[in-house]
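In what follows, a single structure is set out as structure tokens and then discussed.
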Amino acid sequence: MKQYLELLGDILENGVQKGDRTGTGTTSVFGRQIRHDLSKGFPLLTTKKLHFKSIANELIWFLSGNTNVGWLREHGVSIWNEWATEDGELGPVYGKQWTAWPTRDGGTINQIDYVVDTLRNNPNSRRILFHGWNPEYLPQESVSPQQNAKNGRMALPPCHLLYQFYVANGRLSSQLYIRSSDSFLGLPYNIASLALLTHMLAQQVDLVPHEIVVSIGDLHAYSNHGTQIQTQLGREPRALPQLNIKRRPASVYDYQFEDFEIIGYDPHPGISAPIAV
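Below, the structure written as structure tokens:
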């Protein structure tokens, strides 16, 4: 996506040097946005190969409410390993807040059920959203992710924290707010994950997937990703692939990786980079 490469260039040209929690150091800009019309292709980055299996299975895992990396490992996904305890626990991260937000009376609220129901029965609502920013369970920055999980807190606070949906003329659009975005490693995954979720929800409620919007607070490049970013900026984007969903499951919770087919994905080779933990 050309817009994504423009954001990378923007960071290099306009970014400021900032310290960060991991001690790695970043170049950072604030308040940026990407828009993409899904009719023009599925936004899977082509200037480096992305592991779509990880993107899809992570989203399925979120929707299941699972917060242990064991299921991810069984399905070939390792992106959460560095933050998990020896037992694979991450504390009440994304899936817990999405599907079982704790209430004062000891119950839970399934925000995904609310979204699906409202899309079906009140599509003009301006309240079709869910989020994961639950202050009660945010981690303490002075404690390791693993210790936070052991203490009943999130190993990491949500980066992609608020999803909103909009229906017009039989078409479904979505917007995601990301408070903090690793431009090289995280952002391409978040863009593709939002697109996939939008396709899934649209299928479930008989709407046409339309536009995704990604709004970002702190957009940054880690100091040890400079060479990788320059390599990517030197590559020419290729045609976007198409997404085919092979079946319509009974609910948004019943998708499997095998339900998704990416057609015509011809990316440049992958580029490895260290993760800041």
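Offset between the sequence shown (1-based) and the working numbering: plus 30. C-beta: ideal position from N, C-alpha, C; glycine also.
Determine the extent of the alpha helix (DSSP H) in which Q176 is found, giving its start and end residues. As a first step, residue 176 must be located in the sequence shown, where it is residue number 146. Segment P175 to K180, the alpha helix (DSSP H) holding Q176.
On a Cα-Cα basis, can you pick out the residue from I275, F60 and G162 that is closest to T129? Position 99 of the sequence shown holds residue 129. Among I275, F60 and G162, the Cα nearest to that of T129 is on G162.
With distances taken Cα to Cα, identify the nearest neighbour of L192 among P169, K276, A179 and I246. Your numbering for residue 192 matches position 162 in the sequence shown. The shortest C-alpha separation from L192 is found at I246.
Take every Cβ of the segment 63-70, pair it with every Cβ of the segment 286-306, and state whether three or more of those distances are shorter than 8 Å. no
On a Cα-Cα basis, can you pick out the residue from L237, V238, A251 and G200 that is closest to L217? For the purposes of this step, residue 217 is taken as the residue at position 187 of the sequence shown. Per the Cα distances, A251.
Whose CA, out of N44, T115 and V99, lies closest to the CA of N87? Position 57 of the sequence shown holds residue 87. Answer by Cα proximity: V99.
Pair within 7 Å by beta-carbon distance, R278 and Q233: Translated into the one-based positions of the sequence shown, residue 278 becomes position 248. Translated into the one-based positions of the sequence shown, residue 233 becomes position 203. Taking 7 Å as the Cβ cut-off, R278 and Q233 qualify as a contacting pair.
What three-state label does DSSP hand Q47 in the structure shown? Within the sequence shown, residue 47 is the residue found at index 17, counting from 1. Strand, per DSSP.
What's the gap between the Cα of N181 and the Cα of S210? Within the sequence shown, numbered from 1, the residue matching residue 181 stands at position 151. Within the sequence shown, numbered from 1, the residue matching residue 210 stands at position 180. Each residue's Cα considered, the two are about 24 Å apart.
Among F195, D143 and G137, which one has its Cα closest to the Cα of R156? Taking the first residue of the sequence shown as position 1, residue 156 is located at position 126. Comparing Cα positions, the closest option is F195.
Whole angstroms are fine: how far does the CA of M230 sit from the CA of V197? Here residue 197 corresponds to residue number 167 of the sequence shown, with the count starting at 1. Here residue 230 corresponds to residue number 200 of the sequence shown, with the count starting at 1. Cα-Cα distance, rounded: 15 Å.
Mind checking which residues open and close the beta strand (DSSP E) that includes I85? Counted from its first residue, the sequence shown places residue 85 at position 55. Careful: I85 lies outside any beta strand (DSSP E), inside the alpha helix (DSSP H) at F82 to S94.
Could I get the ranges of all uninterrupted alpha helix (DSSP H) runs contained in the segment 87-154, with 4 residues as the minimum, in chain order? DSSP runs (the alpha helix (DSSP H)) wholly in the segment 87-154: 100-104, 124-129 and 141-151.
According to DSSP, simplified to helix, strand and coil, what is Q170? In the sequence shown, residue 170 corresponds to position 140, counting from 1. It is coil, neither helix nor strand.
Straight-line CA distance for S174 to A114? Here residue 174 corresponds to residue number 144 of the sequence shown, with the count starting at 1. Here residue 114 corresponds to residue number 84 of the sequence shown, with the count starting at 1. S174 and A114: Cα-Cα distance of roughly 10 Å.
Using alpha carbons as the reference points, say which of A225, C189 and S213 lies closest to Q205. Indexing the sequence shown from 1 puts residue 205 at position 175. Looking at the Cα atoms, A225 is the closest of the given residues.
Could you pull out every residue in the same chain whose Cβ sits closer than 8 Å to the Cβ of Q272, ignoring the five residues on either side in sequence? Within the sequence shown, numbered from 1, the residue matching residue 272 stands at position 242. The residues are G71, F72, I292, I293 and G294.
Can you give the Cα-Cα distance for Q33 and G136, rounded to whole angstroms? As a first step, residue 33 is located in the sequence shown; it is residue number 3 there, counting from the start. As a first step, residue 136 is located in the sequence shown; it is residue number 106 there, counting from the start. Distance between the alpha carbons of Q33 and G136 is about 44 Å.
Per DSSP, A198 is paired with what? Working through the sequence shown from its first residue, we reach residue 198 at position 168. Partner(s): R201.
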